[in-house]
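In the numbering used here, the protein residues as written are 498 to 875.
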């Protein structure tokens, strides 16, 4: 078992009321990019939709599975329509809400100001062709009057969100409209490492599966494993990459090891390397959503206070997702039994090489095996 646990929380995000609208690559305008197997569709659907705007937005384009906006206002939008992946290109003006205009300056930076209706806390909307220009202009204006700020988040008189969120809010578009859970292409991966820190540990196995039934285990040379992971992500082309503690362990460890081994970790659809956004570690793979099921577990337990712990095994047991005959082993406590069970659980045909996945002599402080004792599958 990999991640069939807290994923049920995310099922609530998708509508089961209707099927995605019928369309095909051959029937859309803009042609097809054969190198990426996607269609370019310049128009936006605006048909009427019965869902409330305050919850679902006012743009009724169905099937959005990925959005990536750049600071210059360029936007890529990926959609799933009748099984096809469609890529749209769009543009918008990055924006920020403002309480006053004292920091705007003389207007030479190309910033437009709109006075909003009502008596809200932020009566002004400032927009620009470039997010960095807008942000830097306001920060420079604040410093001129003696304010100390590294970002707009340090100035309460401004309200700003991430650049992709700006696009979604400005256009009224929302993810996953008219999609069912099974319409999404989801991938899970799990790292097995020799330690908890990338500085003194390494990756010795990567397990991968997706919602189409594909599954494999990578092992052997660490550099080659990382390259194979990138290749498989692009070959399988998932809309969503998910894991338990993805942001807290797997992506930071993966990122650090890729950097140490000089491997370009191009997990997104735009072939950008894995990005860290903001002052914290918020990873971004453009075109693919990164979902950490641990976040869903935290949110659930914040309200219910009923979980014995937030680990995957405990959560799976609590929600009845773990099979009654599942065996839990750790390499630290029982390395011999762990090695035998793991090699029995994973079919040889799914591995990149036929040697045992782990040896009883190896140190595998993070290895955990969750396997049904009566089955050869996960």
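Backbone N, C-alpha and C define an ideal beta-carbon position, used for all residues, glycine too. Bear in mind that the values here come from a model prediction, so they are computed numbers and not experimental data.
The residue from 797, 720, 732, 714 with its alpha-carbon nearest to that of residue 768 is 732. The stretch 693-702 and the stretch 749-758 touch, with three or more beta-carbon pairs separated by less than 8 Å. Taking one beta carbon from each stretch, the stretch 588-608 and the stretch 661-669 have 3 or more pairs nearer than 8 Å; the two touch. Under a 10 Å Cβ-count criterion, residue 651 is classified as exposed, with fewer than 16 other Cβ atoms of the shown protein chains found around its own Cβ. Between the alpha carbons of residue 743 and residue 814 lies a gap of roughly 20 Å. In the structure shown, the three-state DSSP call for residue 575 is strand. Annotation for residue 632: 593, 648, 649, 657 place their beta carbon closer than 8 Å to its own, counting only its chain and skipping 5 residues before and after. Taking C-alpha positions only, residue 796 is separated from residue 693 by approximately 25 Å. DSSP, reduced to helix, strand and coil, places residue 815 within a helical segment of the structure shown. According to the DSSP assignment, residue 801 belongs to the alpha helix (DSSP H) that extends over 790-801. Its Cα nearest to that of residue 687, the residue 746 stands out among 620, 746, 566, 582. In the DSSP annotation of this structure, the continuous segment of the beta strand (DSSP E) that includes residue 611 starts and ends at 609-612. Within 10 angstroms of the beta-carbon of residue 725 lie 16 or more other beta-carbons, which makes it buried. Of the other Cβ atoms in all chains shown, fewer than 16 fall within 10 Å of the Cβ of residue 571; this residue is therefore exposed.
Nearest in C-alpha terms to residue 786, of all of 821, 801, 685, 761, is 685. Judged by DSSP secondary structure, residue 744 falls outside any alpha helix (DSSP H); it is assigned neither H nor E. Between the beta-carbon of residue 567 and that of residue 574 there is about 13 Å, and that puts the pair past the 8 Å contact cut.
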